[in-house]
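The sequence shown: position 16 = 260 (the working numbering), numbered continuously.
The next block holds one structure in the form of structure tokens; read it before the comments.
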Amino acid sequence: QVQLVESGGGLVQAGGSLRLSCVASVRTYAMGWGRQAPGRGREFVASISWGQSTLYADSVKDRFTISRDNADNTVYLQMNNLKPEDTAVYYCASRTSRPLAMAFHYWGQGTKVTVSS
245 QVQLVESGGG
255 LVQAGGSLRL
265 SCVASVRTYA
275 MGWGRQAPGR
285 GREFVASISW
295 GQSTLYADSV
305 KDRFTISRDN
315 ADNTVYLQMN
325 NLKPEDTAVY
335 YCASRTSRPL
345 AMAFHYWGQG
355 TKVTVSS
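Structure representation (structure tokens):
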């Protein structure tokens, strides 16, 4: 079982930035983020492997950057040029085995991000 604890959500104006953080209870092959907007299903945002390979959803590519600190089992999501459509609950996630993919095995409780226009 992997426990994940997110932090860093909040309210920001369109065009602004936020940084999300997540700490995992154990080391896992990949860590990442998903999000769920009001009235919509959960969608993949980004993932990063132990070896620093990354995957991004097309909707956030060139605006969001995922990174991880393997020593601390921590993953970050730097979100720049935020848009109102980025408003969602953001969930930290982990994947315990290869390959790096847009799917995860464990999820955190979520942190809310609201982008005002």
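Idealized CB from N, CA, C, for every residue including glycine.
The C-beta distance from residue 289 to residue 270 rounds to 22 angstroms, too long to fall under 8 angstroms, and the pair is not in contact. Pairing residue 277 with residue 316, the inter-Cα distance amounts to about 17 angstroms. By alpha-carbon distance to residue 340, the top candidate from 306, 282, 268 and 253 is 268. Annotation for residue 288: the continuous beta strand (DSSP E) segment containing it runs 286-293. At least 8 angstroms separates the beta-carbon of residue 266 from that of residue 255. DSSP places residue 335 in the uninterrupted beta strand (DSSP E) bounded by 332-339.
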